[in-house]
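Residue numbers (the working numbering), protein chains in the order written: chain A, 18 to 324; chain B, 4 to 284; chain C, 4 to 251. Note that beta-carbon positions come from the ideal geometry of N, C-alpha and C, so glycine has one too. Remember, predicted model here, so these are calculated numbers, not experimental data.
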Amino acid sequence: MTSSKYKNLIFLLLTALASLVIVVVVILIAITLIKESYPALVRYGPLKFLFSRQWDYSKEIYGALRPLAGTVLSSFLALAAAWPLSIGAAIFLTELCPRRIKSVVASGLELLAAIPSVIYGLWGLMVMAPFLEKYVQPAIEFVLGDLPIIGSFFQSRSAGGVNLFSASCVLSLMILPFITSLAREAFDKTPPELKESAQALGATKWETVYDVVIPNSRSALAGAVVMALGRALGETMAVAYLIGNRHASLDSIFSPYATITSVMANEFNEAEGIRMSTLFALALVLMLSNSVILIISKRLIAGRRIA
Amino acid sequence: MTKNVRKRRIKNLLALSLCSLCALFGLTILGWILFDVAVEGWKALSPKLFLKDPAPPGVMGGGGLKSAFLGQGLMTLTAAVMGIPIGILGGTFLAEYGRNLKVSAIVANLSDLAASTPSIVIGAFVHALLVAPFGGFSGWAGSVALAIIIIPLVLRTTDETLRLVPWNLREAALSLGASYHQVIWSIIYRSSLSGLLTGVVLALARAAGETAPLLFTSFNNNSFNWSLSSPTASLTVSIYQYAASPYESWIKLAWAAALVVTVLNLGLNLTARLFLKSRKY
Amino acid sequence: MIEVEDLCFYYNSKNALKNVTLSVKENCLTALIGPSGCGKTTLLRCFNRMHDLYPNNRYEGRIVFEGRDILDKSIDVITLRSSVGMVFQKPTPFPMSVFDNVAYGLRLKKINNHNVLKEKVERALTRAALWEEVKDRLKESALGLSGGQQQRLVIARTLAVEPKVILFDESTSALDPISTQKIEQLMVELKNDVTIVAVTHNLQQAARVSDYTALMYLGSLIEYDETANIFSKPKHKLTEEYVTGRFG
């Protein structure tokens, strides 16, 4: 009787300790990032660091503006392409898909999320980038390239298909299955009697989806998109291949550029001193934005409004 | 009226067709990627891939990736041995002993934060913790980085799976005179076994496909060795480095490795689905 | 008004309705009663072809409404459903404002003129005895209304498209007694200009509000008569046992 009591106590302590491990890891990550980035932040000052566009190896002055802009731009472009596709696919899965093929289609879309990101990078570099350069890039340039003011952003200036556009495309493919499965979960939570009510009033299936199912899951859909944004911001391998890691001002979406992750992947192992500290400061920026995004998306998915 | 209905029906048809095309688009991309990986990888696949180490370009047709297979296997296994028990025990605390504690909710949120941390940040963190102070890249550091990826994933699936077991099962067992740890071991783990396995396998698949955390920790190594205290090769880092090289023989190696990694990963994911299907709760 | 002739209904291969024949009288309230699983809701959902939303369902027989067999393949279910409304067990307000909820069916019919909408929404809400309570909060979300108000809102939404028939599927079972009483009152008033078919678990309710009552058991129609007869001098032994509470 007492031995059983002790065993229970020991097991309780064991599980409590195990659950503490992840807490310690998160705290250690925070401390390490702050400590390692401290020299750079002190030298430049946090605001100056964030808004400086310099990346000068000889003078050893490094600013976050360009990689930060690259990260934000590539993620938002990817998101813009991915969300309508994902929500369309989720509507197909929840409302249209014949039951017989449903599990196949759903598994297929989920396997898309299981492919490792280095494979997306390899495929993106070898197959997708040449394809985009040959077929999609000329089409976009033809349609948008001659517009006044913004036209020059759609003109190709370098060959090889390694550029912001390709990076955004591969990112959008990577987040597509992610938003799809979250949107599907949200749609599945719509009470069937709500859908029936719309149809009982003579609404078509599309009208039911558009007027009832989507508004009913609006908050969760927003949460899914925000969470996907977090994924896109932190994605490394595929972007590192496709964006070209070029520290220069962005003149076109068809030019190489840099993101926080591409800079880290390419320069970390050769960096030391202040450059290393700068890379940690970039990681800190990434980690902070990721935390904010996680909090917002969790609240949205739980259905709470943000204050 | 009927004209209105016809118009709405056409709109219905158009919108729903577009949705179907979206799903088709996703499947097409999956097919496209798998097709290229299979075709290109198959061309480069040979016994040499598993038996030889990489050779300089031009020599012996680029050699093989023996050390990368071994390194990846060793590091994933070590990470699993460290990460899975911690994840399962931690998840058990959240779902059982700490079910109604406020602190459990905080731990769960921090775990989600860890799970959503970009993997390259984890790589940089482990580099600062285990590589820089100890004088160099090592397989151990790579294993720790992978374990940090595994722990929050296993922890949260364990937590969620155990919560699905009906509460009255516990009450029934406790009323028979069992102590709580006996209830957990003899009833709760047993009835949620397939859910736990699903979480474990999915976490392993994630870890086995990661590149960014290894880049700054275990790096790469062209010579074969069993020790994790030196730089250690892995398939994923090899793919990353070889694909960006200008040498045809290395690019072929990258495709072959990609085929192996993809088959392994999709295989693990499909296995996890089978477990999920046999779930009781 | 609605003639059900020899209706059979199958889920997969399960025979859920067996040769049901009955005739629903115009501007009357017909109650469908019977123990759980007897097929009363299944029958109700035939009247607006709600079963069409799910696969592997099959009808046999005829339901004649306004001179046409509504089970016929050539019937447009969308048009049918705007003349046969339905109110569900739990309130089903859509995630939009009170006004937009009631206007929803009208907008589907491409009635977009704001003045017309306003007039029709007010009329529907008045008929549903809800206007006084919500006239100052038409722009607020319908999800903020109480359960009983939500159910009357759903009735108003159904009334707005001016259906000839309204189907009630145990529409008071999730409500408190006071809200229930309001809805019952409403049903009695409504039957002056619409025909009502209501499924109910509550025998007193059937006795209080209905003109005709049909007792169903195991997918078959056991007895169908004026409510007074069903409750005071039932012809069938099963009916007598059911209305006196000896089974069910």
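- Across the segment 27-58 of chain B, CB contacts with chain A closer than 9 Å involve Leu27, Phe28, Gly29, Leu30, Ile32, Leu33, Gly34, Trp35, Ile36, Leu37, Asp39, Val40, Glu43, in sequence order along the chain.
- Shown here, Tyr250/B sits in coil according to DSSP, grouped into three states, outside any helix or strand.
- Within the segment 216-291 of chain A, the alpha helix (DSSP H) runs of at least 4 residues that lie entirely inside it are, in chain order, 222-225, 235-251, 254-259, 277-284.
- When secondary structure is reduced to three states using DSSP, Tyr57/C falls in the coil class, being assigned neither helix nor strand.
- Using beta-carbon distances, Gly145/B does not count as an interface residue toward chain A, since no partner is under 8 Å.
- The C-beta distance from Ser197/B to Phe278/B rounds to 5 Å, short enough to meet the 8 Å contact threshold.
- Pairing Ser92/A with Ala117/B, the inter-Cα distance amounts to about 21 Å.
- Around the CB of Val84/B, fewer than 16 other CB atoms lie within 10 Å, so the residue is classed as exposed.
- Its Cα nearest to that of Lys22/A, the residue Gln185/B stands out among Gln185/B, Val134/B, Leu113/B, Ala127/B.
- According to the DSSP assignment, Val89/A belongs to the alpha helix (DSSP H) that extends over 82-108.
- At a cut-off of 8 Å between C-beta atoms, Glu158/A does not count as an interface residue with respect to chain C.
- Listed by position along chain B, the residues whose Cβ is nearer than 9 Å to that of Tyr258/A are Tyr243, Ala246, Ala247.
- Proximity of chain C to Glu213/A at the Cβ level (cut-off 8 Å) is accounted for by Met53, Leu56, Met89, Phe91, Thr95, in chain order.
- Using a CB distance below 7 Å, the part of the segment 98-126 of chain C facing chain A consists of Pro98, Met99, Tyr107, Gly108, Leu111, ordered along the chain.
- Straight-line spacing of the CA atoms in Tyr227/C and Asn195/C works out to 22 Å.
- Relative to Asn268/B, the option among Gly178/A, Cys186/A, Leu128/A whose CA is nearest is Leu128/A.
- Close CB contacts of Asn104/C within its chain, under the 7 Å cut and outside five residues either way in sequence, are with Pro96, Phe97, Ala145, Leu156, Arg160 (chain order).
- Taking the Cα positions, Thr216/C is about 51 Å away from Asn103/B.
- The C-beta separation of Thr278/A from Ala257/A comes to about 6 Å, placing the pair in contact by the 8 Å criterion.
- For Pro94/C, same chain residues with a beta-carbon under 7 Å away, outside a window of 5 residues either side, are Gly150, Gln153, Gln154, Val157 in chain order.
- Rounded to the nearest whole angstrom, the CA to CA distance from His117/C to Lys10/B is 22 Å.
- Rounded to the nearest angstrom, the gap between the Cα atoms of Asn7/B and Lys112/C is 7 Å.
- Leu46/C: member of the alpha helix (DSSP H) spanning 43-49, first to last residue.
- For Glu202/A, no chain C residue has a C-beta closer than 9 Å to its own C-beta; the minimum C-beta separation is roughly 17 Å.
- Between Ile153/B and Gly86/B, the C-beta gap is smaller than 8 Å, which places the two residues in contact.
- If you check the CB distance, Ile123/B and Ala282/A come in under 8 Å.
- Note on Arg249/C: under 16 other CB atoms within 10 angstroms of its CB, so exposed under the neighbour-count rule.
- Closest by C-alpha distance to Phe171/C, out of Arg71/C, Ile199/C, Phe68/C, is Ile199/C.
- One alpha carbon belongs to Arg209/B, the other to Gln184/C, and they sit about 58 Å apart.
- Interface annotation, Asn224/B: not in contact with chain C, CB-CB separation never under 8 Å.
- Judged by pairs of C-beta atoms under 8 Å, the segment 110-121 of chain A does not touch the segment 256-275 of chain A, as fewer than three such pairs exist.
- Only residues of its own chain outside the window of five on either side were considered, and among them Ala19, Leu20, Met219, Gly222 have a CB closer than 6 Å to the CB of Gly42/C, listed in chain order.
- With respect to Gly126/B, Pro216/B sits close: the two C-beta atoms are nearer than 8 Å.
- Of all residues in the segment 64-86 of chain C, only Asp79, Ile81, Thr82 come within less than 7 Å of chain B when Cβ atoms are compared, listed by chain position.
- What Val164/C touches in chain A, judged by beta-carbon distance under 9 Å, is Leu218, Gly219, going in chain order.
- Rounded to the nearest whole angstrom, the C-alpha separation of Glu187/C and Trp134/C is 17 Å.
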